[in-house]
Amino acid sequence: MERLKIVTEKLSKVSKIAIAIVDNSTQGKDTLNFVKDDLITVLEKNQETNWWKGKAKGKTGWFPADFVEAVVLKPFSVIILSFIYFNFIFYFTFF
Numbered sequence: 001m002e003r004l005k006i007v008t009e010k011l012s013k014v015s016k017i018a019i020a021i022v023d024n025s026t027q028g029k030d031t032l033n034f035v036k037d038d039l040i041t042v043l044e045k046n047q048e049t050n051w052w053k054g055k056a057k058g059k060t061g062w063f064p065a066d067f068v069e070a071v072v073l074k075p076f077s078v079i080i081l082s083f084i085y086f087n088f089i090f091y092f093t094f095f
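Numbering (this note's numbering), first residue to last: 1 to 95.
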């Protein structure tokens, strides 16, 4: 159980990832431009303006949060347990 806690804590510190759902060609000194389907590392969120700071393709800048969709990363333990469970079901279903 202690290992699961350690893994969960480490995962919570992992950078948040978002995927662009539209192109962003906003003009401005501190803006980040991207195209649909680009992956963006979210560095900071401004709740008041609903703009996020992120990094993509080696550049850093601000962009509208509405232009991206957050990627939810499952904890490693859930992925492993899902893999074991589905392999177990598959094995007994087909063999």
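Think of the CB as a built atom: it goes at the ideal place given N, C-alpha and C, for glycine as much as any other residue.
Just so we're clear, the structure is a prediction, and the values are computed from it rather than from any experiment.
Below 7 Å CB to CB, which residues in the same chain sit around residue i once its five sequence neighbours on both sides are set aside?
| i | result |
| --- | --- |
| Val22 | Lys36 and Phe67 |
| Ala20 | Phe34, Val35, Lys36, Asp37, Asp38, Ile40, Phe67 and Val68 |
| Trp51 | Trp62, Phe63, Pro64 and Ala65 |
| Ser12 | Because Ser12 carries a pLDDT of 49, less than 50, the predicted location of this residue cannot be relied on, and no value is offered for it. |
| Thr31 | Gly61, Trp62 and Phe63 |
Can you give me the C-alpha to C-alpha distance between residue i and residue j, rounded to a whole angstrom?
| i | j | result |
| --- | --- | --- |
| Lys59 | Lys53 | 11 Å |
| Asn33 | Thr49 | 18 Å |
| Phe90 | Lys57 | Summary for Phe90: the model assigns pLDDT 47, below 50, so the residue's position carries little reliability; its value from the coordinates is reported in the next sentence. Approximately 40 Å, taken between the alpha carbons. |
| Asn46 | Ala18 | 15 Å |
Quick one: what's got a C-beta closer than 8 Å to residue i's C-beta in the same chain, skipping five residues either side?
| i | result |
| --- | --- |
| Ser25 | Asn33 |
Compare the beta carbon distance of residue i and residue j with 8 Å and say whether it is the shorter of the two.
| i | j | result |
| --- | --- | --- |
| Lys29 | Ala70 | no |
Leaving out five residues on either side along the sequence, give the residues of the same chain with a beta carbon under 6 Å from the beta carbon of residue i.
| i | result |
| --- | --- |
| Glu44 | Lys53 |
| Val42 | Lys16, Ala18, Trp52 and Gly54 |
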